[in-house]
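Residue numbers (my numbering), protein chains in the order written: chain A, 73 to 274; chain B, 73 to 274.
We treat Cβ as the ideally placed atom computed from N, Cα and C, and that holds for glycine.
There are 2 protein chains.
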Amino acid sequence: MAKVDFPEPVKALIGELKRLPGVGPRSAERVAVWLLQSPKADPAELASVLLRAKQTIVRCPVCGFFATQDRCEICEDPKRDSRILCVVEQATDVLPLERSGAFHGLYHCLGGKLSPLDRVSPEDLHIPALLRRIESSGEEMEVILALGADVEGEATANYLADLLREKNCRITRIAQGLPAGGGLEHADELTLMRALQGRRSV
Amino acid sequence: MAKVDFPEPVKALIGELKRLPGVGPRSAERVAVWLLQSPKADPAELASVLLRAKQTIVRCPVCGFFATQDRCEICEDPKRDSRILCVVEQATDVLPLERSGAFHGLYHCLGGKLSPLDRVSPEDLHIPALLRRIESSGEEMEVILALGADVEGEATANYLADLLREKNCRITRIAQGLPAGGGLEHADELTLMRALQGRRSV
Numbered sequence: 073m074a075k076v077d078f079p080e081p082v083k084a085l086i087g088e089l090k091r092l093p094g095v096g097p098r099s100a101e102r103v104a105v106w107l108l109q110s111p112k113a114d115p116a117e118l119a120s121v122l123l124r125a126k127q128t129i130v131r132c133p134v135c136g137f138f139a140t141q142d143r144c145e146i147c148e149d150p151k152r153d154s155r156i157l158c159v160v161e162q163a164t165d166v167l168p169l170e171r172s173g174a175f176h177g178l179y180h181c182l183g184g185k186l187s188p189l190d191r192v193s194p195e196d197l198h199i200p201a202l203l204r205r206i207e208s209s210g211e212e213m214e215v216i217l218a219l220g221a222d223v224e225g226e227a228t229a230n231y232l233a234d235l236l237r238e239k240n241c242r243i244t245r246i247a248q249g250l251p252a253g254g255g256l257e258h259a260d261e262l263t264l265m266r267a268l269q270g271r272r273s274v
Numbered sequence: 073m074a075k076v077d078f079p080e081p082v083k084a085l086i087g088e089l090k091r092l093p094g095v096g097p098r099s100a101e102r103v104a105v106w107l108l109q110s111p112k113a114d115p116a117e118l119a120s121v122l123l124r125a126k127q128t129i130v131r132c133p134v135c136g137f138f139a140t141q142d143r144c145e146i147c148e149d150p151k152r153d154s155r156i157l158c159v160v161e162q163a164t165d166v167l168p169l170e171r172s173g174a175f176h177g178l179y180h181c182l183g184g185k186l187s188p189l190d191r192v193s194p195e196d197l198h199i200p201a202l203l204r205r206i207e208s209s210g211e212e213m214e215v216i217l218a219l220g221a222d223v224e225g226e227a228t229a230n231y232l233a234d235l236l237r238e239k240n241c242r243i244t245r246i247a248q249g250l251p252a253g254g255g256l257e258h259a260d261e262l263t264l265m266r267a268l269q270g271r272r273s274v
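Okay, structure coming up:
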């Protein structure tokens, strides 16, 4: 009896799906069977939006956010405060900060965070461009490090803080502490430690 | 200051990715940024394999497994035992059973499992075709219900067992118990209860 396997086009699809971040072999199979057999699925539409996004979206050469033409809409906006630069890991971190309504400066997307395990070293991040932006600014800037509160985010923030100390800029980090709406009984020890360390006079 | 949002092609891509099973809004954003900005990503290749799979792969009209032409390679194989029918939820459940090497009959993929929460009712599954296959068989068949050990799998197995009792077939279910290599200390109560209930003389 012949060894049964998926037909080659199904294997190719599973292979490409498996490469997506956060998608393991099992979920790749599950997504493939859904795409090919569910009446709700529309693989042609997915293929079409993939190609359209690939063809029309570029990385903003200044900040790294998504752009459709030369520069992104944030860098193009003359009303934004160019003296404050918010450093984030990914382009997707920009929108949550925008929705907070608490920031009106410009962004700089690093394109990742330092992670020896995933073989991400400083050369893999958009750090030279960040230094050039700070150096070429005529006035003193504030650089807000808005990186994750995980180990890699901490390491990246420390690395950048060391680099930036020699530049003409004020370095700040976003606060760590209790998340809004979260009670103390749900907070882990590290969060409470950070919340205590970051306490402010009222 | 204008409200910042992703450019439309990025939003469309995130929207399609969010529709995939097991992909939430956050992972859709993460996958989109990876597809558009990671040097390792190849969105054109993903689009191409999607279209190729969609164009060449059909659901086997007999059993529901993936097929490239009329019927799938399992249904086409004259060496398989047509008196044993293994009923599974999804086409992706076929390969794990094949790899076990313990089954040489034919399959029937239901296309899902009964789940009131996900609004999957008997009409959404390929049950009439299963009944026709059993009725049109000249000899008595064994129908193995190889469904998941979760609530929906149990419900589906019970529903099918009720339906099939009137037909000329022997109904069996795959065993539930300790997974291979699993010690008792890692097994939950329900698994141990099933393992005890399914005990066999040695």
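- Hey, quick one: how far does the beta strand (DSSP E) through L217 of chain A stretch, first residue to last? Looking at the DSSP string, the run of the beta strand (DSSP E) that includes L217 of chain A is M213 to L217.
- With DSSP run on the structure shown, which of helix, strand or coil describes D77 of chain B? Coil.
- Go to G225 of chain A, then tell me how far its beta strand (DSSP E) extends in each direction, as first and last residue. From DSSP, G225 of chain A is part of no beta strand (DSSP E) but of the alpha helix (DSSP H) over V223 to L236.
- Examine chain C for any beta-carbon lying closer than 8 Å to the beta-carbon of A116 of chain A, and answer yes or no. In the structure shown, chain C does not exist; the protein chains are A and B.
- Is L186 of chain B near E224 of chain B, with beta carbons less than 8 Å apart? A contact, by the Cβ cut-off of 8 Å.
- Query: According to DSSP, is I146 of chain A helix, strand or coil?
  - Reply: In this structure, I146 of chain A counts as helix in the three-state DSSP scheme.
- Task: Let me know the secondary structure DSSP gives V134 of chain A once reduced to three states.
- Result: V134 of chain A falls in the coil class under three-state DSSP.
- Item | CB contact flag (F138 of chain A, V95 of chain B, <8 Å) | With respect to V95 of chain B, F138 of chain A sits apart: the two C-beta atoms are not nearer than 8 Å.
- In the structure shown, what three-state DSSP assignment does A104 of chain B receive? Here A104 of chain B sits in helix by DSSP.
- Task: Report the neighbours of G183 of chain A on chain B: residues whose CB is nearer than 7 Å to its CB, in chain order.
- Result: Q109, listed in chain order.
- Message: Please identify the residue among B:E211, B:D77 and B:R271 whose C-alpha is closest to the C-alpha of R171 of chain A.
- Response: The option with the nearest alpha carbon to R171 of chain A is B:D77.
- Report yes if the CB atom of H143 of chain A is closer than 8 Å to the CB atom of C132 of chain A, and no otherwise. Rather than His, the amino acid found at residue 143 of chain A in this sequence is Arg. Contact: yes.
- Item | Below-8 Å beta-carbon distance, I146 of chain B vs any chain A residue | Nearest CB-CB separation between I146 of chain B and chain A: below the 8 Å threshold.
- Task: Can you tell me which of A:E101, A:Q248 and A:E207 puts its alpha carbon nearest to the alpha carbon of L264 of chain A?
- Result: From the listed residues A:E101, A:Q248 and A:E207, the smallest Cα separation to L264 of chain A is found for A:Q248.
- Task: Buried or exposed for R152 of chain B, please, with buried defined as at least 16 other CB atoms from any protein chain shown within 10 angstroms of its CB.
- Result: Classification of R152 of chain B: buried, given that the 10 Å Cβ count is 16 or more.
- Rounded C-alpha distance that separates E117 of chain B from Q141 of chain B: For E117 of chain B and Q141 of chain B, the distance between alpha carbons rounds to 24 Å.
- Message: I'd like to know whether the C-beta atoms of A125 of chain A and L108 of chain B end up nearer to each other than 8 Å.
- Response: Contact check for A125 of chain A against L108 of chain B passes: the beta carbons are separated by less than 8 Å.
- Count the other C-beta atoms from every protein chain shown that fall within 10 angstroms of the C-beta of G270 of chain B, then say buried if there are 16 or more, exposed otherwise. With fewer than 16 other Cβ atoms within 10 Å, it is exposed.
- Item | 8 Å Cβ cutoff met for T244 of chain B and I216 of chain B | Annotated as proximal: T244 of chain B and I216 of chain B, with beta-carbon spacing under 8 Å.
- Would you mind sorting Q127 of chain B into buried or exposed? The rule is 16 or more other CB atoms within 10 Å of its CB. Result: exposed.
- Can you give me the start and stop residues for the alpha helix (DSSP H) that V166 of chain A sits inside? Per DSSP, V166 of chain A belongs to the alpha helix (DSSP H) from V166 to S172.
- Message: With H, G and I counted as helix, E and B as strand and the rest as coil, what does DSSP make of S120 of chain B?
- Response: Note: S120 of chain B maps to helix in three-state DSSP.
- With 16 other Cβ atoms within 10 Å as the buried cut-off, status of V274 of chain A: Around the beta carbon of V274 of chain A, fewer than 16 other beta carbons lie within 10 angstroms, which makes this residue exposed.
- Query: So, does the CB of K126 of chain A fall closer than 8 Å to a CB anywhere in chain B?
  - Reply: Closer than 8 Å to some Cβ of chain B, the Cβ of K126 of chain A qualifies, so yes.
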